[in-house]
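> In my numbering, the protein residues as written are 1442 to 1768.
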Amino acid sequence: MVTLVRPENMERITTPALAKAFIEEQLAALREQIGDKKVLLALSGGVDSSVVAALLIKAVGKQLTCVHVNHGLLRKGEPEQVIEVFRNQMDANLIYVDAVDRFLDKLAGVDDPETKRKIIGAEFIEVFAEEARKLDGVTFLAQGTIWPDILESEAGIKAHHNAGGLPADLNFELVEPVRILFKDEVRVVGKELGLPDGMVYRQPFPGPGLGVRCVGAITRDRLEAVRESDAILREEFAKNGLEGKVWQYFTIVPDFKTTGVKDGKRSFEWPVVLRAVNTRDAMSATVEEIPFALLQHITERITHEVKGVNRVLYDLTPKPVGTIEWE
Ligand code: XMP
């Protein structure tokens, strides 16, 4: 039986034992729903799709095909981690699509944030649909829909982005094994399924990825500056006990340059903006008080290690009045 609505009296999944019971229940339900048919899943490497993949691998093994689209806007090391965990460790059918050039060529010269988002969303569907058409006999499409997605779409807050969008000829039946769970429960289930902590406790990451942090028209060199500075920030937060404590933290690279001095010579390069915020529901947010010495150390590293950067700033703006992302 596939449960479509969260039962009102359902106990919040907070312990390994409760996660285990949920997993057993879902494995039986998935096997019953899917039978000997084939399932397709867009696997971003985020918590929800990773947990769905791990459940389906356990339930139906090679009847599942995962498609991981690298749109060039992922964080450093993410595509490699998806391949390592799902193909190498879990032995899943994983199709890795290097679509970096396609996305970046489409985005070249586009500076309007909403147009950027639309291009990224539409291109993603296009790439995924192309991969889906290459496969024969797929009946089901698995999705990492969670309970807040359902509640928010019912309340008219946001369109249920998971379900929509695929062309009409791709007429799949949906498989949504975590649809009655809240995010914290998905994490407990993911941990019980043996997914690495780096995946289970990931901070939220927007669908358009680093694209909204490379402000204005995306260029490859500035995108690399975003990716490299983000990797340094994450490394330093992990080393200094801030990982898991701060809700979301990342870097932004604006599309202007400022004057500096490097190796005794004038430099004209980009600034990197650091952002670190805490929130409950992302509707409002406060700024994390990062120790000054750590800010100085991160500045030192970014200005010396990231190509094209000569200045670092810390964004002190709460939401409101600023949004969390810069675009
Ligand atoms: P803002 O910038 O609106 O962000 O304060 C609130 C939260 O939503 C994330 N975010 C997005 N997530 N697609 C997503 O999937 C998007 O286009 C998008 N824009 C913002 C943001 O990272 C923050 O967690």
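Beta carbons are placed, not taken as given, at the ideal position from N, Cα and C, and that holds for glycine.
1. How is the alpha helix (DSSP H) around V1579 delimited, first residue to last?
2. By how many angstroms is the C-alpha of R1668 removed from the C-alpha of K1748?
3. Closer than 7 Å to a non-hydrogen atom of the ligand XMP - does that hold for the CB of R1620?
4. If you draw a straight line from the alpha carbon of A1596 to that of A1609, how long is it in whole angstroms?
5. Compare the C-alpha of Q1474 against each of A1458, A1495, A1500, L1514 and name the closest.
6. How would you label N1612, buried or exposed, when you count the other beta carbons within 10 angstroms and need 16 or more for buried?
7. Would you say the beta carbon of T1692 comes nearer than 7 Å to a heavy atom of the ligand XMP?
8. So L1548 and K1559 are in contact, right, with Cβ under 8 Å, and what is the actual spacing, rounded?
9. Figure out for me which residue from L1471, P1457, A1458 has the closest Cα to the Cα of R1620.
10. Alpha carbon to alpha carbon, how far is T1660 from F1623? Give it in angstroms, no decimals.
11. By DSSP, does A1483 sit in helix, in strand, or in coil?
12. State buried or exposed for D1722, treating a residue as buried only when at least 16 other CB atoms are found within 10 Å of its CB.
13. Taking only heavy atoms of the ligand XMP into account, decide whether any of them is closer than 7 Å to the Cβ of A1723.
On the basis of the supplied data:
1. Numbered from 1 along the sequence shown, position 138 holds the residue referred to as residue 1579. Per DSSP, V1579 belongs to no alpha helix (DSSP H); it is in the beta strand (DSSP E), 1579–1583.
2. Counted from its first residue, the sequence shown places residue 1748 at position 307. Counted from its first residue, the sequence shown places residue 1668 at position 227. Between K1748 and R1668, the C-alpha separation is close to 11 Å.
3. As a working mapping, residue 1620 is identified with position 179 in the sequence shown. Every heavy atom of the ligand XMP is 7 Å or more from the Cβ of R1620, so no.
4. Taking the sequence shown and counting its residues from 1, the one referred to as residue 1596 is at position 155. Taking the sequence shown and counting its residues from 1, the one referred to as residue 1609 is at position 168. Each residue's Cα considered, the two are about 26 Å apart.
5. By 1-based counting over the sequence shown, the position of residue 1474 is 33. When each option's Cα is compared against that of Q1474, the closest is A1500.
6. Residue numbering aside, residue 1612 sits at position 171 when the sequence shown is read from its first letter. Label assigned to N1612: exposed.
7. Working through the sequence shown from its first residue, we reach residue 1692 at position 251. No, Cβ of T1692 sits at least 7 Å from all heavy atoms of the ligand XMP.
8. Position 107 of the sequence shown, counting from 1, holds the residue named residue 1548. Position 118 of the sequence shown, counting from 1, holds the residue named residue 1559. About 11 Å separates the two Cβ atoms, so there is no contact after all.
9. On the sequence shown, residue 1620 is found 179 positions in, with the first residue counted as 1. Minimum Cα distance to R1620 is reached at L1471.
10. Position 182 of the sequence shown, counted from the first residue, corresponds to residue 1623. Position 219 of the sequence shown, counted from the first residue, corresponds to residue 1660. When rounded, the distance between both Cα atoms is 37 Å.
11. The count along the sequence shown starts at 1 and reaches residue 1483 at position 42. Three-state DSSP puts A1483 in a strand.
12. Residue mapping note: residue 1722 aligns to position 281 of the sequence shown, counting from 1. Under this definition D1722 is an exposed residue.
13. The residue you call residue 1723 lines up with position 282 of the sequence shown. A1723 Cβ: within cutoff of the ligand XMP.
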